[in-house]
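One rule links them: number in the working numbering = place in the sequence shown (from 1) + 15.
All remarks here apply to the structure that follows.
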Amino acid sequence: MLSPPHVGHSPMSAALGGLPETTELSSVDVPGATLPYWDPGGPGEPGVLMHGKTGSWRSWEHQIKDLQRNKFRVIAYSRRGHDGSRHSSVGSGVDDLLALIDQLGISTCHLVGHAAGGVYALDFALTYPTRLRSLTLACSTLGLREPEFQAAVTLLQPDGLAKLPASFCELGPAYRITNQAGVERWRQIEHSSLSDEFIMQDLRSAMTWNAVEALDVRSLVIAADADLYMPPPLADIAAHHFRNVVRIDIPDSGHNPQWERPTEFNRALIHFLIGGHGAMGRGVPGPSENS
Numbered sequence: 016m017l018s019p020p021h022v023g024h025s026p027m028s029a030a031l032g033g034l035p036e037t038t039e040l041s042s043v044d045v046p047g048a049t050l051p052y053w054d055p056g057g058p059g060e061p062g063v064l065m066h067g068k069t070g071s072w073r074s075w076e077h078q079i080k081d082l083q084r085n086k087f088r089v090i091a092y093s094r095r096g097h098d099g100s101r102h103s104s105v106g107s108g109v110d111d112l113l114a115l116i117d118q119l120g121i122s123t124c125h126l127v128g129h130a131a132g133g134v135y136a137l138d139f140a141l142t143y144p145t146r147l148r149s150l151t152l153a154c155s156t157l158g159l160r161e162p163e164f165q166a167a168v169t170l171l172q173p174d175g176l177a178k179l180p181a182s183f184c185e186l187g188p189a190y191r192i193t194n195q196a197g198v199e200r201w202r203q204i205e206h207s208s209l210s211d212e213f214i215m216q217d218l219r220s221a222m223t224w225n226a227v228e229a230l231d232v233r234s235l236v237i238a239a240d241a242d243l244y245m246p247p248p249l250a251d252i253a254a255h256h257f258r259n260v261v262r263i264d265i266p267d268s269g270h271n272p273q274w275e276r277p278t279e280f281n282r283a284l285i286h287f288l289i290g291g292h293g294a295m296g297r298g299v300p301g302p303s304e305n306s
């Protein structure tokens with residue numbers, strides 16, 4: 016029987032985040048860019064965290080302590096164009112991640128991607144599946160080149176949505192009402208995250224349903240019930256195409272459940288990483304089980 020994950024429940028720790036007051040960053044040179052990353056090292060299984068469009072390595076401050084408490088080595092980095100990075104070209108998110116883990120001597124890792132970070136996480140999984148222990152995709156529209164799915168995603172994003180404040184679009188109403196300090200901290204990270212305009216990096220894989228259905232990597236697809244971009248019904252459609260998948264919904268959360276509901280998010284994530292299946296949520300049968 017699996018031991019339950021060790022997850023903090025203190026509202027104070029959630030408000031202050033999981034990073035020490037003085038956090039020393041390292042940097043890695045990749046073709047055309049330098050990326051900052053946080054990696055305290057250690058003997059545990061490595062988990063690499065990939066942030067969304069409005070974030071940076073700092074976006075995972077509520078996950079770090081819980082992952083370390085459960086004996087994982089945590090690596091969080093800023094992608095090209097985000098907080099602390101420098102770049103002279105667009106490059107590929109897959110190539111950047113590969114260069115990072117190669118230089119850290121990591122042969123295989125757990126990969127966790129949120130939102131836009133999930134696009135590059137999936138691209139990496141499809142390109143280098145043998146380098147992954149598992150794949151987690153949280154509130155990500157996945158970047159798939161599937162017209163019908165893209166149309167459904169676009170349908171949920173009416174004209175003018177992008178002009179609204181990111182904190183309104185990405186944080187659910189329950190969180191905005193109940194945690195003003197957390198909203199302000201999220202805004203600080205958002206404001207410092209982009210050094211220039213958002214960079215959409217090149218993709219390496221086909222990014223099709225056929226490619227996803229051939230992927231043989233344990234996968235976790237997380238949705239949040241108040242997410243404006245990738246609500247649970249769309250996550251269900253996507254999860255159906257994964258061969259070995261667990262589907263989890265985080266209640267009372269918008270587009271950032273790792274920030275808005277860190278206790279629930281961390282419990283679900285760690286339960287999955289240590290080998291759990293559908294007990295923490297609902298499993299969705301993959302294509303091999305329905306064919």
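Don't be surprised by glycine CBs; every beta carbon is placed ideally from N, CA and C.
Keep in mind it's a predicted model, so treat the numbers as computed, not measured.
- The DSSP assignment places complete beta strand (DSSP E) segments of no fewer than 3 residues inside the stretch 197–264 at 234–239, in order along the chain.
- In the three-state reduction of the DSSP assignment, residue 22 falls in the coil class, being assigned neither a helical nor a strand state.
- The beta-carbon distance between residue 74 and residue 187, rounded to whole angstroms, is 16 Å. This is too long to meet the 8 Å contact definition.
- The beta carbon of residue 20 lies closer than 6 Å to those of 85, 282, 285 and 286 in the same chain, with the five residues before and after it left out.
- With a beta-carbon spacing of about 32 Å, residue 233 and residue 194 fall beyond the 8 Å limit used to define contacts.
- Secondary structure note for residue 283: its alpha helix (DSSP H) is the uninterrupted segment 277–288.
- Taking all protein chains in view, the Cβ of residue 125 is crowded by 16 or more other Cβ atoms within 10 Å, so the residue is classified as buried.
- Here the stretch 47–56 lies against the stretch 85–98, with 3 or more beta-carbon pairs under 8 Å apart.
- When DSSP states are grouped into helix, strand and coil, residue 143 belongs to the coil group.
- Nearest C-alpha to residue 208 among 69, 157, 51 and 180: 69.
- When only Cα atoms are considered, residue 157 and residue 133 end up about 6 Å apart.
- Excluding sequence positions up to five before and after residue 22, its CB lies within less than 7 Å of the CB of 81, 278, 281, 282 and 285, all in the same chain and listed in chain order.
- Its chain contains 267 as the residues whose beta carbon lies nearer than 6 Å to that of residue 189, once the 5 sequence neighbours on both sides are disregarded; these appear in chain order.
- About 5 Å separates the beta carbon of residue 181 from that of residue 205, a gap short enough to meet the 8 Å contact definition.
- By the 16-neighbour rule on beta-carbons within 10 angstroms, residue 61 is buried.
- Going by DSSP, residue 168 is part of the alpha helix (DSSP H) stretching over 162–170.
- If you ignore the 5 residues before and after residue 104, its C-beta comes within less than 8 Å of the C-beta of 46, 47 and 48, all in its own chain and listed in chain order.
- For the set 228, 263 and 244, the Cα lying nearest the Cα of residue 235 is the one of 263.
- Residue 90 has 63 as its beta-bridge partners, per DSSP.
- In this structure, residue 272 lies away from residue 250, with their beta-carbon atoms at least 8 Å apart.
- Cβ-Cβ separation between residue 43 and residue 159: approximately 28 Å, too far for a contact (criterion under 8 Å).
- In terms of CA proximity to residue 288, 149 leads the group 149, 155 and 246.
- For residue 111, there is no enclosing beta strand (DSSP E); the enclosing alpha helix (DSSP H) covers residues 108–118.
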